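Worksheet: one structure, shown below.
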Amino acid sequence: MPQITVDYSEQLAGAFDRRGFALALHPLVVDVVDTQLAACKTRFRRVDETVVADAATGHTLVHIGIALLPGRAPELKAHLTAAVLDLVAQYVKPVDGATDPHLSAEVRDLEASYRKR
């Protein structure tokens, strides 16, 4: 915990500093939710195809999902979500032929079945 998953459009592969983002994201999460840096785990998943609205091409996206152990207040989750969106914008460069990426984030509780070793 926290379990962080970042989905991003394939077109952003060379324009998204994923490692830099994760290394900046982890201390941010630690500060906001009062956890340990060693507990932060981020995985990136390149999405081969994305479609936004009725556009055939030119749209890209990045979605960050952060799953935490239950018990954080909704206001704290909202604060973290806003901070993550501000941060990710600094790590995605423009791509020729694409609009600005659609950036989104969600902070949610881990399910009761969550276990780790």
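Residues 1 to 117 in our numbering are what the sequence shown lists, from first letter to last.
Glycine is no exception: its CB is placed at the ideal position from the N, C-alpha and C atoms.
Every value quoted in this text rests on a predicted model; they were computed, and no experiment measured them.
Express the C-alpha separation of residue j and residue i in angstroms, rounding to a whole number.
{"i": "Val62", "j": "Gln90", "result": "12 angstroms"}
{"i": "Pro2", "j": "Val95", "result": "30 angstroms"}
{"i": "Val51", "j": "Leu103", "result": "14 angstroms"}
{"i": "Asp48", "j": "Arg117", "result": "32 angstroms"}
Over what stretch of residues does the alpha helix (DSSP H) that includes residue i continue unbroken?
{"i": "Asp86", "result": "74 to 88"}
So, with DSSP's three-state summary, where would you put residue i?
{"i": "Arg19", "result": "helix"}
Would you mind stating whether residue i and residue j have Cβ atoms separated by less than 8 angstroms?
{"i": "Leu87", "j": "Leu25", "result": "yes"}
{"i": "Arg45", "j": "Thr5", "result": "yes"}
{"i": "Leu23", "j": "Val30", "result": "no"}
{"i": "Ala112", "j": "Val32", "result": "no"}
Give me, in chain order, the residues of the same chain whose beta-carbon lies closer than 7 angstroms to that of residue i; leave out the 5 immediate sequence neighbours on both sides.
{"i": "Gly58", "result": "Gly97, Ala98, Thr99"}
{"i": "Arg19", "result": "none"}
Excluding the five sequence neighbours on either side, which residues of its own chain have a C-beta within less than 6 angstroms of the C-beta of residue i, listed in chain order?
{"i": "Pro74", "result": "none"}
{"i": "Asp7", "result": "Arg45, Val47, His63"}
What residue range is occupied by the uninterrupted beta strand (DSSP E) comprising residue i?
{"i": "Val47", "result": "41 to 47"}
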